[in-house]
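Notes follow the structure.
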Ligand code: HEC
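Residue numbers (full-length UniProt numbering): 1 to 176.
Below, the structure written as structure tokens:
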């Protein structure tokens with residue numbers, strides 16, 4: 001029995017050592033697309049810090065890689081969940097979402113935070129849970145942003161300024 005247990009641990013150790021050489025591809029594109037999102041949604045420096053420390057790793061194209069993220073099996077677990085997280089909600093692609101999609105993502109964003117489903121579980125073992133103040137700040141920002149993105153600037157602006165806005169909205173539409 002004892003030798004069986006010993007063999008089991010030797011095999012486990014070997015698997016762990018070998019898996020260190022099977023490095024998953026990194027998610028390390030530029031931060032520019034995140035800056036575009038932050039500017040478009042008027043993220044305050046407070047909210048930015050919370051998103052950066054708790055969400056961007058899995059929901060942007062630009063993950064941070066501290067040493068513990070480079071160690072298997074953490075690295076493999078992360079790579080899989082980054083892919084899945086980005087499929088559902090990719091902040092780096094914010095500008096390519098339609099207004100309806102943006103609104104729907106923010107609705108889900110509020111829901112996930114309320115139900116304490118995000119950040120995903122084992123990730124919080126290392127990174128820590130969101131405090132209730134942080135959750136409130138995120139929800140407040142998401143609610144305000146939902147209202148802002150649905151506002152039609154043309155209706156609320158005086159005529160003299162509307163020409164430049166029309167040009168802007170044409171530009172935005174042609175990108176989509
Ligand atoms: C360790 C990776 C990871 C972290 C960190 C993380 N998420 Fe997620 N997120 C996922 C995965 C995987 C999914 C898809 C599966 C699911 O819903 O559980 C997801 C789904 C979501 C969705 C649902 C989108 C949809 O269309 O259904 C939202 C919204 C979301 N996350 C927001 C957040 C926010 C806000 C944070 C930070 C507070 C965060 N996530 C942190 C991995 C992560």
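Virtual Cβ for every residue (Gly too), placed ideally from N, Cα, C.
Outcome for residue i when other beta-carbon atoms lying within 10 angstroms are tallied against a minimum of 16
i, result
"residue 155", "Below a pLDDT of 50, predicted positions are generally treated as unreliable, and residue 155, at 47, falls in that range; the measurement from the model is reported next regardless. Residue 155 is exposed by the Cβ-count criterion."
"residue 116", "exposed"
"residue 170", "Confidence at residue 170 is low in this model, with a pLDDT of 49, below 50, so the placement of that residue should be treated as unreliable; the coordinate-derived value is given next. Label assigned to residue 170: exposed."
"residue 1", "exposed"
"residue 14", "exposed"
"residue 151", "exposed"
"residue 109", "buried"
"residue 102", "buried"
"residue 33", "buried"
"residue 38", "buried"
"residue 18", "exposed"
Contacting residues, own chain, Cβ-Cβ under 7 Å from residue i (five flanking each side not counted)
i, result
"residue 78", "69"
"residue 105", "89 and 97"
"residue 81", "58 and 120"
Proximal residues to residue i (C-beta, below 6 Å), its chain only, five neighbours per side dropped
i, result
"residue 134", "50"
"residue 119", "54"
"residue 93", "none"
Any non-hydrogen atom of the ligand HEC within 7 Å of residue i CB
i, result
"residue 88", "yes"
"residue 69", "no"
"residue 123", "yes"
"residue 115", "no"
"residue 27", "no"
"residue 61", "no"
"residue 84", "yes"
"residue 105", "yes"
"residue 37", "no"
"residue 54", "yes"
"residue 32", "no"
"residue 81", "yes"
Sequence-distant residues of its chain with Cβ nearer than 8 Å to residue i (five each side left out)
i, result
"residue 20", "71 and 72"
Contact belief for residue i with residue j at Cβ below 8 Å, rounded distance in angstroms
i, j, result
"residue 149", "residue 113", "About 18 Å; that fails the 8 Å criterion."
"residue 143", "residue 46", "Not a contact, Cβ separation roughly 15 Å."
"residue 127", "residue 61", "Actually they do not touch by this definition, with Cβ atoms about 19 Å apart."
Below-8 Å beta-carbon distance, residue i vs any chain B residue
i, result
"residue 45", "Absence of chain B from the displayed structure is noted, only one protein chain being present."
Contact test: residue i Cβ vs the ligand COA heavy atom, cutoff 7 Å
i, result
"residue 119", "In the structure shown, the ligand COA is absent; the only ligands present are the ligand HEC."
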